[in-house]
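Residue numbers (full-length UniProt numbering): 1 to 207. Data block below; observations after.
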């Protein structure tokens, strides 16, 4: 059973990235007072940097785990062979986790959510100074960019928290001690859970 955790998370991150770019354009062309634009510009820039480096770290981890594993057992003749592909645990070099660690990604997501929520007055002032001369549909679309940012940040946190709760519900609190959640890559528990389920199904068919 394949997990769609990372596919869904990348989709949310792409949506959030697009919303940040749209809001950045609004800030660059707004006639609002500088004291309202400055904090939003800082938060927008830091949010973009956070997302960009998180995705870069994910890409680096994906490339570093593609290595030959010499402990795979050939199903036909029972001989150990080197199989190219995604290496299971213990095969291939390990990447250093930082931004993609579960606790760090959740903490930064909550920090940015609170920061964006605290600047709602400045955001509405910027939007009110930008949208009067635009057509109705364009004004609505640009006005929704701020809410899209909040929705994207909340969706990232809710997805991770919800998946963790499901994982703990299935495996108990010992999953925290096994390193599947804290100190591991965000979503690793979902991938490993899918692998275990596939192994159980394969053993059931073979039996």
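Each residue gets a CB set at the ideal place from its N, CA and C atoms; glycine is no exception. All figures in this text were calculated on a predicted structure; none of them were measured in a lab.
Check: Alpha-carbon spacing of residue 104 relative to residue 98, whole angstroms; Outcome: 7 Å
Check: As assigned by DSSP and simplified to three states, the class of residue 17; Outcome: helix
Check: Beta-bridge partners of residue 101, as assigned by DSSP; Outcome: 185
Check: Terminal residues of the alpha helix (DSSP H) in which residue 130 lies; Outcome: 120 to 130
Check: Contact under 8 Å by Cβ, residue 9 with residue 162; Outcome: no
Check: C-beta contact flag for residue 157 and residue 113 at 8 Å; Outcome: yes
Check: C-beta atoms of residue 21 and residue 149 nearer than 8 Å; Outcome: no
Check: Rounded C-alpha distance that separates residue 123 from residue 168; Outcome: 38 Å
Check: Backbone CA spacing between residue 154 and residue 7 [nearest angstrom]; Outcome: 17 Å
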